[in-house]
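Chemist: Numbers given in our numbering equal positions in the sequence shown, counted from 1, plus 898. In this text, a Cβ means the ideal position worked out from N, Cα and C, and glycines have one as well.
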Amino acid sequence: MEQLVQVRKLMLNDLPALTKMDTGIEDDYVIRIFDRLVASPSQELYGLFQQEQLLSLAGYSLFGQNRFAMIGRLRSDRRYRSQGYATELLKPVIDQLRNRPEVKWIGANTHVHNHSARRLLEKSALQADTISYYLTLNQPEKLKGHSPGDRWNEVHSIFEKRDLLHSLNENHLGLFPYECYYSFPYDEALFTDDYLDSSKIYINRDKTRFVIIKNDTKKYDYSHVKYFWNDHYTQPGFFETILQHWDENPDNVGCWIDFSKQAYDHITDLSPYDVQEPWILYGLWT
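1. Would you please state the rounded distance, in angstroms, between the beta carbons of Y1120 and L1033? I believe it to be under 8 Å.
2. With a CB to CB cut of under 6 Å and the five nearest residues on each side skipped, what residues in its chain are close to L1019?
3. When you compare the region 960–969 with the region 1078–1087, are there three or more beta-carbon pairs, one atom per stretch, that lie closer than 8 Å?
4. Taking the Cβ atom as the reference point for each residue, do A1185 and I923 lie within a distance shorter than 8 Å?
5. Please specify which runs of the beta strand (DSSP E), each continuous and at least 3 residues long, are wholly inside the region 963–1030, giving them in chain order.
6. Using three-state DSSP, classify W1127 as helix, strand or coil.
7. Which residue marks the beginning of the beta strand (DSSP E) containing K1105, and which one marks its end?
8. Using 10 angstroms around the beta-carbon of E942, count the other beta-carbons present and answer buried if the total reaches 16, otherwise exposed.
9. Figure out for me which residue from D993, P914, P939, L987 has the closest Cα to the Cα of L929.
10. For Q1133, count neighbouring C-beta atoms within 10 Å of its own C-beta (all shown protein chains included) and say buried if the count is 16 or more, exposed if not.
11. For I1140, does the count of other Cβ atoms within 10 angstroms reach 16, so buried, or fall short, so exposed?
12. Under the rule that 16 or more other beta-carbon atoms within 10 Å means buried, what is D1061, buried or exposed?
13. Since L913 is in the alpha helix (DSSP H), which residue starts that stretch and which ends it?
14. What is the DSSP secondary structure of H1164, counted as helix, strand or coil?
15. DSSP has H1122 in a bridge; who is on the other side?
16. Is the beta carbon of A1023 closer than 8 Å to that of L987?
17. Less than 7 Å separating the Cβ of Y1080 from some heavy atom of the ligand SAM?
18. Under three-state DSSP, which class holds E1175?
19. Measure from the alpha carbon of L952 to the alpha carbon of each residue in V905, F966, S938, I931, then state which is nearest.
20. In whole angstroms, give me the CA-to-CA distance for F966 and Y1093.
21. Apply the 10 Å Cβ neighbour rule to K1116 and answer buried if 16 or more other Cβ atoms are within range, or exposed otherwise.
22. Thinking Y927 and S954 are a contact (beta carbons under 8 Å), I'd like their distance in whole angstroms, please.
23. Cα-Cα, which of M909, I1099, L1041 is closest to E950?
24. Determine the extent of the beta strand (DSSP E) in which S1065 is found, giving its start and end residues.
25. Mind listing, in chain order, the continuous beta strand (DSSP E) runs of no fewer than 3 residues lying wholly within the region 921–961?
26. Please classify E1068: does DSSP put it in a helix, a strand, or coil?
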(Lines of atoms letter the chains of each structure in order from A and count residues from 1; the text may use other names and numbers.)
(Lines give C-alpha, C1' and ligand atoms only; values in the text may rest on other atoms or scores of the structure.)
Protein backbone atom coordinates (compact mmCIF):
# COMPACT_ATOMS: atom_id res chain seq x y z
CA MET A 1 0.00 0.00 0.00
CA GLU A 2 1.43 3.37 -1.03
CA GLN A 3 2.32 5.58 1.89
CA LEU A 4 0.58 8.97 2.08
CA VAL A 5 2.51 12.19 1.62
CA GLN A 6 1.88 15.50 3.33
CA VAL A 7 2.90 19.11 2.75
CA ARG A 8 3.91 21.24 5.71
CA LYS A 9 5.91 24.27 6.64
CA LEU A 10 9.48 23.48 7.64
CA MET A 11 10.69 24.22 11.16
CA LEU A 12 14.18 24.33 12.62
CA ASN A 13 13.97 20.68 13.73
CA ASP A 14 13.50 19.63 10.06
CA LEU A 15 17.15 20.34 9.23
CA PRO A 16 18.20 16.66 9.58
CA ALA A 17 15.54 15.65 7.02
CA LEU A 18 16.81 18.33 4.64
CA THR A 19 20.43 17.21 4.97
CA LYS A 20 19.41 13.62 4.14
CA MET A 21 17.93 14.63 0.77
CA ASP A 22 19.90 13.45 -2.25
CA THR A 23 19.54 16.54 -4.44
CA GLY A 24 22.91 16.38 -6.18
CA ILE A 25 23.62 19.97 -5.09
CA GLU A 26 27.07 20.42 -3.62
CA ASP A 27 27.33 22.89 -0.74
CA ASP A 28 23.61 23.71 -0.88
CA TYR A 29 23.19 27.26 0.42
CA VAL A 30 19.70 26.43 1.72
CA ILE A 31 21.28 24.12 4.28
CA ARG A 32 23.83 26.77 5.23
CA ILE A 33 21.22 29.46 5.89
CA PHE A 34 18.35 27.18 6.93
CA ASP A 35 18.08 28.66 10.43
CA ARG A 36 17.71 32.17 8.99
CA LEU A 37 15.16 31.08 6.39
CA VAL A 38 12.79 29.41 8.85
CA ALA A 39 13.06 32.36 11.27
CA SER A 40 12.52 35.07 8.65
CA PRO A 41 9.15 36.90 8.67
CA SER A 42 9.36 37.43 4.89
CA GLN A 43 10.37 33.91 3.83
CA GLU A 44 8.83 30.47 4.09
CA LEU A 45 10.00 26.94 3.31
CA TYR A 46 7.67 24.02 2.66
CA GLY A 47 8.37 20.34 2.25
CA LEU A 48 6.54 17.33 0.93
CA PHE A 49 7.10 14.46 3.35
CA GLN A 50 6.50 10.76 3.26
CA GLN A 51 6.47 9.98 6.96
CA GLU A 52 9.71 11.67 8.09
CA GLN A 53 11.42 11.59 4.70
CA LEU A 54 11.61 14.89 2.82
CA LEU A 55 10.96 14.26 -0.88
CA SER A 56 10.64 17.77 -2.30
CA LEU A 57 11.30 21.35 -1.18
CA ALA A 58 9.95 24.76 -2.19
CA GLY A 59 9.87 28.20 -0.67
CA TYR A 60 9.02 31.80 -1.29
CA SER A 61 10.20 35.27 -0.35
CA LEU A 62 8.05 38.39 -0.03
CA PHE A 63 9.04 41.78 -1.42
CA GLY A 64 7.57 45.23 -1.96
CA GLN A 65 5.50 45.50 1.24
CA ASN A 66 4.53 41.83 0.76
CA ARG A 67 2.87 42.64 -2.57
CA PHE A 68 5.21 40.35 -4.54
CA ALA A 69 6.00 36.70 -3.80
CA MET A 70 8.94 35.00 -5.49
CA ILE A 71 8.95 31.22 -5.44
CA GLY A 72 12.29 29.49 -5.33
CA ARG A 73 14.59 26.98 -3.63
CA LEU A 74 12.95 24.22 -5.64
CA ARG A 75 14.73 20.94 -5.23
CA SER A 76 13.80 17.28 -5.02
CA ASP A 77 15.40 14.08 -3.86
CA ARG A 78 16.86 12.47 -6.99
CA ARG A 79 15.56 9.06 -5.92
CA TYR A 80 11.96 10.28 -6.17
CA ARG A 81 11.95 12.53 -9.20
CA SER A 82 9.49 12.23 -12.11
CA GLN A 83 6.75 11.08 -9.75
CA GLY A 84 4.87 14.37 -9.59
CA TYR A 85 5.94 15.25 -6.07
CA ALA A 86 7.21 18.75 -6.95
CA THR A 87 3.90 19.60 -8.60
CA GLU A 88 2.02 18.19 -5.62
CA LEU A 89 4.08 20.41 -3.31
CA LEU A 90 3.89 23.63 -5.32
CA LYS A 91 0.10 23.67 -5.70
CA PRO A 92 -0.75 24.20 -1.99
CA VAL A 93 2.10 26.71 -1.65
CA ILE A 94 0.67 28.81 -4.49
CA ASP A 95 -2.87 28.35 -3.14
CA GLN A 96 -1.74 29.70 0.22
CA LEU A 97 -0.19 32.75 -1.42
CA ARG A 98 -3.36 33.36 -3.43
CA ASN A 99 -5.29 33.45 -0.16
CA ARG A 100 -3.09 36.20 1.27
CA PRO A 101 -4.88 39.47 0.39
CA GLU A 102 -1.70 41.55 0.45
CA VAL A 103 -0.01 39.37 -2.20
CA LYS A 104 -0.87 40.64 -5.69
CA TRP A 105 1.72 38.82 -7.80
CA ILE A 106 3.31 35.37 -7.59
CA GLY A 107 6.32 34.53 -9.71
CA ALA A 108 9.42 32.44 -10.24
CA ASN A 109 12.63 32.70 -12.23
CA THR A 110 14.49 29.88 -13.95
CA HIS A 111 16.97 29.22 -16.74
CA VAL A 112 15.45 29.30 -20.21
CA HIS A 113 16.74 25.79 -20.93
CA ASN A 114 15.62 24.28 -17.60
CA HIS A 115 12.67 22.58 -19.24
CA SER A 116 11.70 20.48 -16.22
CA ALA A 117 11.43 23.58 -14.01
CA ARG A 118 9.50 25.42 -16.71
CA ARG A 119 7.02 22.55 -17.04
CA LEU A 120 6.57 22.57 -13.27
CA LEU A 121 5.85 26.30 -13.21
CA GLU A 122 3.45 26.07 -16.15
CA LYS A 123 1.58 23.20 -14.47
CA SER A 124 1.26 25.51 -11.47
CA ALA A 125 -0.54 28.17 -13.57
CA LEU A 126 2.40 30.59 -13.76
CA GLN A 127 2.80 32.20 -17.16
CA ALA A 128 6.05 32.73 -19.07
CA ASP A 129 7.03 36.36 -19.34
CA THR A 130 10.32 38.20 -19.93
CA ILE A 131 13.72 36.71 -20.80
CA SER A 132 16.77 38.42 -19.29
CA TYR A 133 20.51 38.07 -19.72
CA TYR A 134 22.64 38.37 -16.58
CA LEU A 135 26.21 39.44 -17.24
CA THR A 136 28.87 40.39 -14.72
CA LEU A 137 31.40 42.93 -15.97
CA ASN A 138 34.59 41.74 -14.27
CA GLN A 139 37.31 42.50 -16.83
CA PRO A 140 36.69 46.16 -17.74
CA GLU A 141 40.11 46.49 -19.35
CA LYS A 142 38.69 44.45 -22.25
CA LEU A 143 35.80 46.83 -22.89
CA LYS A 144 35.71 48.33 -26.35
CA GLY A 145 33.25 50.01 -28.65
CA HIS A 146 31.55 52.09 -25.96
CA SER A 147 31.15 55.87 -25.93
CA PRO A 148 33.49 57.44 -23.32
CA GLY A 149 32.28 60.32 -21.20
CA ASP A 150 32.18 61.94 -17.80
CA ARG A 151 30.71 60.18 -14.83
CA TRP A 152 26.99 60.93 -14.41
CA ASN A 153 25.73 63.12 -11.58
CA GLU A 154 24.54 61.43 -8.41
CA VAL A 155 20.97 61.98 -7.21
CA HIS A 156 20.89 62.20 -3.42
CA SER A 157 17.38 62.81 -2.13
CA ILE A 158 14.86 59.98 -1.81
CA PHE A 159 12.20 62.30 -3.26
CA GLU A 160 14.24 62.87 -6.43
CA LYS A 161 15.07 59.17 -6.73
CA ARG A 162 11.42 58.15 -6.48
CA ASP A 163 10.41 60.88 -8.91
CA LEU A 164 12.86 59.51 -11.48
CA LEU A 165 11.47 56.00 -11.12
CA HIS A 166 7.90 57.26 -11.45
CA SER A 167 8.80 59.27 -14.53
CA LEU A 168 10.11 56.30 -16.51
CA ASN A 169 7.95 56.06 -19.63
CA GLU A 170 9.85 53.31 -21.41
CA ASN A 171 11.47 50.20 -20.03
CA HIS A 172 13.26 47.99 -22.51
CA LEU A 173 14.02 45.42 -19.81
CA GLY A 174 10.31 44.76 -19.39
CA LEU A 175 10.77 44.29 -15.64
CA PHE A 176 12.44 45.70 -12.54
CA PRO A 177 15.62 43.87 -11.46
CA TYR A 178 15.09 44.31 -7.73
CA GLU A 179 18.06 42.14 -6.72
CA CYS A 180 20.44 39.80 -8.48
CA TYR A 181 18.25 36.90 -9.71
CA TYR A 182 15.10 38.58 -8.35
CA SER A 183 13.18 40.51 -10.99
CA PHE A 184 9.59 41.69 -10.72
CA PRO A 185 7.07 43.72 -12.67
CA TYR A 186 7.93 47.41 -12.54
CA ASP A 187 5.83 48.63 -9.59
CA GLU A 188 6.08 51.54 -7.18
CA ALA A 189 5.51 49.22 -4.21
CA LEU A 190 9.12 48.11 -4.67
CA PHE A 191 10.46 51.66 -4.28
CA THR A 192 10.44 51.87 -0.49
CA ASP A 193 12.42 54.51 1.38
CA ASP A 194 14.88 51.89 2.65
CA TYR A 195 15.43 50.52 -0.83
CA LEU A 196 16.01 53.95 -2.35
CA ASP A 197 18.23 55.04 0.51
CA SER A 198 20.53 52.05 -0.04
CA SER A 199 20.61 52.59 -3.82
CA LYS A 200 22.85 54.95 -5.73
CA ILE A 201 21.18 56.71 -8.67
CA TYR A 202 23.09 58.63 -11.31
CA ILE A 203 21.62 60.78 -14.09
CA ASN A 204 23.30 61.81 -17.33
CA ARG A 205 24.00 65.42 -18.28
CA ASP A 206 20.92 65.96 -20.45
CA LYS A 207 18.71 64.12 -17.91
CA THR A 208 17.41 61.61 -20.45
CA ARG A 209 18.95 58.53 -18.79
CA PHE A 210 19.58 57.32 -15.27
CA VAL A 211 21.09 54.21 -13.74
CA ILE A 212 20.53 52.59 -10.35
CA ILE A 213 23.40 50.76 -8.67
CA LYS A 214 22.88 48.83 -5.44
CA ASN A 215 25.32 46.58 -3.64
CA ASP A 216 23.97 43.06 -3.42
CA THR A 217 25.26 39.72 -2.18
CA LYS A 218 24.51 36.41 -3.85
CA LYS A 219 27.37 34.30 -2.49
CA TYR A 220 29.66 37.08 -3.81
CA ASP A 221 29.28 40.85 -3.52
CA TYR A 222 28.22 42.73 -6.66
CA SER A 223 27.51 46.23 -7.88
CA HIS A 224 24.04 45.46 -9.20
CA VAL A 225 23.29 47.74 -12.17
CA LYS A 226 19.69 48.52 -13.16
CA TYR A 227 19.42 50.31 -16.50
CA PHE A 228 16.20 50.42 -18.47
CA TRP A 229 17.37 51.16 -22.01
CA ASN A 230 19.30 49.23 -24.68
CA ASP A 231 21.94 51.88 -25.40
CA HIS A 232 24.60 50.96 -22.82
CA TYR A 233 27.40 51.27 -25.38
CA THR A 234 26.27 54.52 -26.99
CA GLN A 235 25.47 56.54 -23.87
CA PRO A 236 28.60 58.59 -23.01
CA GLY A 237 29.72 58.04 -19.45
CA PHE A 238 27.58 55.00 -18.70
CA PHE A 239 30.48 52.60 -18.17
CA GLU A 240 32.59 55.25 -16.43
CA THR A 241 29.73 55.69 -13.94
CA ILE A 242 29.28 52.04 -13.04
CA LEU A 243 33.02 51.37 -12.91
CA GLN A 244 33.50 54.31 -10.56
CA HIS A 245 30.94 52.72 -8.24
CA TRP A 246 32.90 49.47 -8.37
CA ASP A 247 36.09 51.38 -7.55
CA GLU A 248 34.33 52.83 -4.52
CA ASN A 249 33.24 49.34 -3.44
CA PRO A 250 36.40 47.25 -3.96
CA ASP A 251 35.01 44.17 -2.18
CA ASN A 252 32.56 43.68 -5.06
CA VAL A 253 33.64 41.13 -7.66
CA GLY A 254 32.17 43.10 -10.56
CA CYS A 255 29.17 44.93 -12.01
CA TRP A 256 26.16 42.65 -12.45
CA ILE A 257 24.08 44.03 -15.34
CA ASP A 258 20.66 42.85 -16.53
CA PHE A 259 20.33 43.09 -20.32
CA SER A 260 17.28 42.65 -22.52
CA LYS A 261 17.67 40.24 -25.44
CA GLN A 262 17.99 43.15 -27.86
CA ALA A 263 20.72 44.82 -25.80
CA TYR A 264 22.52 41.50 -25.33
CA ASP A 265 22.48 40.85 -29.08
CA HIS A 266 24.15 44.22 -29.66
CA ILE A 267 27.21 43.31 -27.55
CA THR A 268 29.94 42.50 -30.05
CA ASP A 269 32.51 41.23 -27.53
CA LEU A 270 31.53 39.26 -24.43
CA SER A 271 35.07 38.76 -23.13
CA PRO A 272 34.77 41.49 -20.45
CA TYR A 273 31.86 39.61 -18.87
CA ASP A 274 31.02 36.49 -16.95
CA VAL A 275 27.97 35.33 -18.92
CA GLN A 276 25.13 33.30 -17.45
CA GLU A 277 22.60 31.27 -19.34
CA PRO A 278 19.50 33.46 -19.95
CA TRP A 279 16.71 33.39 -17.40
CA ILE A 280 12.96 33.59 -17.91
CA LEU A 281 10.52 35.16 -15.49
CA TYR A 282 7.18 33.49 -14.79
CA GLY A 283 4.32 35.24 -13.07
CA LEU A 284 0.69 35.36 -12.09
CA TRP A 285 -1.36 38.36 -10.91
CA THR A 286 -3.82 37.32 -8.20
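Modeler: In this structure, then:
1. Locating residue 1120 in the sequence shown gives position 222, where the first residue counts as 1. Locating residue 1033 in the sequence shown gives position 135, where the first residue counts as 1. So it is not a contact: roughly 11 Å between Cβ atoms.
2. The residue you call residue 1019 lines up with position 121 of the sequence shown. The answer, listed in chain order, is A1006, Y1180.
3. yes
4. No answer is possible for residue 1185: the residues shown for the chain start at 899 and end at 1184.
5. 966–974, 1003–1009
6. Numbered from 1 along the sequence shown, position 229 holds the residue referred to as residue 1127. It is coil, neither helix nor strand.
7. Numbered from 1 along the sequence shown, position 207 holds the residue referred to as residue 1105. Taken as a continuous stretch (DSSP letters only), K1105 belongs to no beta strand (DSSP E), as it is neither H nor E.
8. As a first step, residue 942 must be located in the sequence shown, where it is residue number 44. Looking at its Cβ environment, which holds 16 or more other Cβ atoms inside 10 Å, E942 is buried.
9. To locate residue 929, count along the sequence shown from 1; it is residue 31. One detail in the question is off: residue 929 reads as Ile in this sequence, not Leu. Nearest C-alpha to I929: P914.
10. For this step, residue 1133 is matched to residue 235 along the sequence shown. Buried, by the Cβ-count rule.
11. The residue given as residue 1140 occupies position 242 in the sequence shown. Buried.
12. Numbered from 1 along the sequence shown, position 163 holds the residue referred to as residue 1061. So D1061 ends up on the exposed side.
13. Against the sequence shown, residue 913 aligns to sequence position 15. Counting along the chain, the alpha helix (DSSP H) containing L913 begins and ends at 913–917.
14. Within the sequence shown, numbered from 1, the residue matching residue 1164 stands at position 266. Residue state, collapsed to three classes: coil.
15. Locating residue 1122 in the sequence shown gives position 224, where the first residue counts as 1. DSSP, once it has assigned bridges, lists K1112, W1154 as partnering H1122.
16. Your numbering for residue 987 matches position 89 in the sequence shown. Your numbering for residue 1023 matches position 125 in the sequence shown. Not a contact, by the Cβ cut-off of 8 Å.
17. This structure lacks the ligand SAM; in fact it carries no ligand of any kind.
18. On the sequence shown, position 277 is the one that residue 1175 refers to. If DSSP states are grouped into helix, strand and coil, E1175 belongs with coil.
19. On the sequence shown, position 54 is the one that residue 952 refers to. For L952, the nearest C-alpha among the options comes from V905.
20. Counted from its first residue, the sequence shown places residue 966 at position 68. Counted from its first residue, the sequence shown places residue 1093 at position 195. In a straight line, the C-alpha of F966 is about 15 Å away from that of Y1093.
21. Locating residue 1116 in the sequence shown gives position 218, counting from the first residue. K1116 is exposed by the Cβ-count criterion.
22. Your numbering for residue 927 matches position 29 in the sequence shown. Your numbering for residue 954 matches position 56 in the sequence shown. Rounded, the Cβ-Cβ distance is 18 Å, inconsistent with contact.
23. Start at 1 with the first residue of the sequence shown, and residue 950 comes out as number 52. Of the listed residues, the one whose Cα sits closest to E950 is M909.
24. Residue 1065 sits at position 167 when you count from the first residue of the sequence shown. First-last for S1065: 1056–1065, but that is the alpha helix (DSSP H), not the beta strand (DSSP E).
25. 941–948, 951–961
26. For the purposes of this step, residue 1068 is identified with residue 170 of the sequence shown, where counting begins at 1. Coil, per DSSP.
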